[in-house]
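Undergrad: Below is a structure I'd like to ask you about.
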Amino acid sequence: EMALNLNIFPDPKDKNVTITVDVPAEALGSGKCSETPENKTKPDTDSEILNLQWEDTDKVVNKPLNRYLNLTFKMNDTVPSPFYGLYRLDGYYETRYFDKNITDDSGNTSVKQFIEYVSFSTYKIINLEFPTPVNMTYMCQNVGVISMHSELHDTSEAQGAS
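Using my numbering, the first residue of the sequence shown is number 91, and each one after it goes up by one.
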């Protein structure tokens, strides 16, 4: 069992506005494990990847909002007691749908609907977070808080689809 929540600050002008999100137990999990013998000789196979996806609904427009987390764990076997730790965390969180006036090249204006979302990443973590001994990877301590780089975007931006 794993519990994870995100604190998202969707308003760049007001840091007091916070959305706290619990990743639901129903989130779809997928990933990649490197524990097969044929992988052991390939470079960069000490990674374990966990992807979590789930949906919520924008209650204003009754449309789905997608959420996604990618957690990459790596093993440090260069120490006397090898351990796994979090190497990187990335994701996006769609916050809402909104309407925006768009003017085309002919000067015609129309209203189109877009999605606002927060993208976030820890980038590569040199000193692995949440160190867990290799022989105890089934358990992890309460780790507290990790800060991430985040950006607020919307799908009207070039390359803005989440």
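Positions of the beta carbon are idealized from the N, C-alpha and C atoms, including for glycine. Predicted model only: the values in this text are computed from it and were never measured.
Can you tell me whether MET238 is helix, strand or coil according to DSSP?
TA: Against the sequence shown, residue 238 aligns to sequence position 148. Looking at MET238 - three-state DSSP - the assignment turns out to be coil, as it is neither helix nor strand.
Undergrad: Indicate the three-state DSSP secondary structure (helix, strand or coil) for ASN97 in the structure shown.
TA: Translated into the one-based positions of the sequence shown, residue 97 becomes position 7. In the structure shown, ASN97 sits in a strand (DSSP, three-state: E or B).
Undergrad: In angstroms, rounded to a whole number, what distance separates the CA positions of ARG157 and TYR207?
TA: Here residue 157 refers to the residue found at position 67 when the sequence shown is read from its first residue. Here residue 207 refers to the residue found at position 117 when the sequence shown is read from its first residue. Approximately 9 angstroms between the Cα atoms of the pair.
Undergrad: Roughly how many angstroms separate the alpha carbons of MET226 and ASP180, rounded to a whole number?
TA: In the sequence shown, the residue the question calls residue 226 occupies position 136. In the sequence shown, the residue the question calls residue 180 occupies position 90. The alpha-carbon atoms of MET226 and ASP180 are separated by roughly 24 angstroms.
Undergrad: So, does the segment 160-179 touch the segment 195-203, judging by three or more C-beta pairs under 8 angstroms?
TA: These segments do not touch.
Undergrad: State the start and end residues of the unbroken beta strand (DSSP E) segment that holds THR108.
TA: Counting from 1 along the sequence shown, the entry for residue 108 is found at position 18. Run containing THR108: none; DSSP gives neither H nor E here.
Undergrad: So, does the segment 171-180 touch the segment 148-156, judging by three or more C-beta pairs under 8 angstroms?
TA: Touching, no.
Undergrad: Starting from SER137 and walking both ways along the beta strand (DSSP E), at which residues does that stretch end?
TA: Residue 137 sits at position 47 when you count from the first residue of the sequence shown. Residues 137-148.
Undergrad: Go through its chain and collect everything with a Cβ distance to ASP189's Cβ below 6 angstroms, but skip five positions before and after it.
TA: Here residue 189 refers to the residue found at position 99 of the sequence shown. Cβ neighbours of ASP189 beyond the five flanking positions: VAL201, GLN203.
Undergrad: Reducing DSSP to helix, strand and coil, say where VAL208 ends up.
TA: The residue labelled residue 208 in the question sits at position 118 within the sequence shown. Of the three classes helix, strand and coil, the one that applies to VAL208 here is strand, per DSSP.
Undergrad: Any idea what DSSP makes of ASN198, helix, strand or coil?
TA: The residue given as residue 198 occupies position 108 in the sequence shown. ASN198 falls in the coil class under three-state DSSP.
Undergrad: For MET238, which residues of its own chain have a beta-carbon under 8 angstroms away from its beta-carbon, when the five flanking residues on both sides are left out?
TA: In the sequence shown, counting from the first residue as 1, residue 238 sits at position 148. If we look at MET238 and ignore the five residues flanking it on each side, its Cβ neighbours are LEU179, PHE210, SER211, THR212.
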